[in-house]
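For reference, each letter of the sequence shown is one residue, going -18 to -1, 1 to 310 in mature numbering (1 follows the signal peptide of the UniProt record, and there is no 0). Structure first, then comments.
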Amino acid sequence: MKRAGKYAVLGLAVAAAASVPRIGQAPAPAAALSPERSEICVTGAAPHAHDGAAHSQARVRQGARVAEPGSRVSARVAEQVERELDRQKITGKLLRATGDKKWIHVPVRFHVLHNGTKGKLTKKALKEQIKVLDAAYQGRKGGVDTRINFYLKQITWTKNKNWFKQPRRYEKAFKKKLRRGGDSTLNIYTADLGTELLGWASMPWDYKKNPVLDGLVIHHGSLPGGKIKDYDLGYTAVHEVGHWLGLYHTFGRNYPDQDGCAAGDLVGDTPSQKEPTEGCPKNAPDSCPAWGRDPIHNFMDYAHDKCMTEFTRGQAERMRNAWARYRP
Ligand SMILES: [Zn+2]
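Below you can see the structure in the form of structure tokens.
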């Protein structure tokens, strides 16, 4: 399937790639955002009910024209986040990716929305999803071991055809009713996200302002053994959890006209990338002047599930650092 048109994926107009600190270097100053990008609006998204405060990142299928359901993220917040994370490096509160004995244990509460016939996931499927999360985050697919593990805490099943069929519209309602736990509890809602969108997630720094919206919404067909061709290995949850733990997309392009090479993910060891990857290319292109071929196997790109294998050490450190700061 060819991409049908431009699509926008909300992220942050983060610092230019050149200012991203490399491993072992001092952090770059956080205020590298150009003022004209101080507020980013996603285009192409259908109107929906929520106020957009907490959504930040999402995953769409190949060929999708929709934007993710977030609406606005201010550069002010992005800068603030980088300052806070940098401060941790200075004060030594950083959780390192390797050589750090501290495990992060994440309780997972699944909330299965269904209409009585569709979407009624089994406990077995949810357990499989946990296994996929553990394998991905513990480096068993090829990347680094982030020393983050997940365990099943609760499952709820809710029959509500509106919630199931229009999760963007009713997000606030079902989260208000179903969400449990504090800032370190991962609430995952499954529903019918339509034909283009695979999932979306809140970022860790959103929690304080809007705890009810914290968590992931993913397509019920994206779980391991699900019905969405090429996206049926459970890596939508892996990708969205990456956002939930503080990662941006590797392609760094946050709206249609933005230069993906200049925008970055603020991780030093992921090469810059101009566009999201489609499908599963044999060879990685080298789309940006900066070092390295496109990270087409990274969980924070958009390739098919079978193509995804890794988080980098820099990503692991960013997630662990964000955890220590926002979800301790
Ligand atoms: Zn995403």
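Think of the CB as a built atom: it goes at the ideal place given N, C-alpha and C, for glycine as much as any other residue. Computed from a prediction, not measured in an experiment: that's the story for all the values here.
So, with DSSP's three-state summary, where would you put residue i?
i      : result
GLY296 : helix
PRO253 : coil
ASN280 : strand
PHE132 : strand
LEU15  : Model confidence at LEU15 stands at a pLDDT of 31, short of 50, so the residue's coordinates are unreliable and nothing is read from them.
TYR152 : coil
ASN169 : strand
ALA31  : Any answer about ALA31 is weak, because its pLDDT of 29 lies below 50 and its placement is not dependable; what the coordinates show is given next. Coil, per DSSP.
ARG302 : helix
GLY41  : The residue asked about is misnamed: residue 41 is Arg in this sequence, not Gly. Three-state result, ARG41: strand.
LYS264 : coil
ALA219 : helix
ALA245 : strand
Using only the heavy atoms of ligand 3, determine whether one of them is closer than 8 Å to the beta carbon of residue i.
i      : result
MET290 : Although ligand 3 was asked about, the structure shown includes only ligand 1 as ligands.
Are any of the Cβ atoms in chain C nearer than 9 Å to that of residue i?
i     : result
LYS71 : In the displayed structure, chain C is absent; only one protein chain is listed.
Does any heavy atom of ligand 1 sit closer than 8 Å to the C-beta of residue i?
i      : result
ARG41  : yes
HIS231 : yes
GLU260 : no
HIS286 : no
ALA183 : yes
GLU222 : yes
MET282 : yes
HIS201 : no
HIS225 : yes
Verify whether the separation of the beta carbon atoms of residue i and residue j is less than 9 Å.
i           : j      : result
ASP116      : ASP214 : no
residue 391 : GLU292 : Because residue 391 is not part of the residues shown, which for the chain are -18 to 310, the question remains open.
VAL63       : TRP182 : no
LEU198      : ALA219 : yes
GLN44       : ASP212 : yes
> Given 8 Å as the limit, is there contact between the stretch 165 to 183 and the stretch 88 to 107, that is, 3 or more CB pairs closer than that?
Replying inline: yes
> Would you call the stretch 97 to 111 and the stretch 144 to 157 in contact, with 3 or more CB pairs under 8 Å?
Replying inline: yes
>> Under 8 Å, with one C-beta from each stretch per pair, do the stretch 196 to 213 and the stretch 106 to 116 reach the 3-pair mark?
In response: yes
> Is it true that the stretch 67 to 86 meets the stretch 289 to 305, where meeting means three or more beta-carbon pairs spaced less than 8 Å apart?
Replying inline: yes
> In chain order, which alpha helix (DSSP H) runs of at least 4 residues are fully inside the stretch 177 to 214?
Replying inline: none
> What are the complete alpha helix (DSSP H) segments, minimum 4 residues, inside the stretch 81 to 139?
Replying inline: 105 to 119
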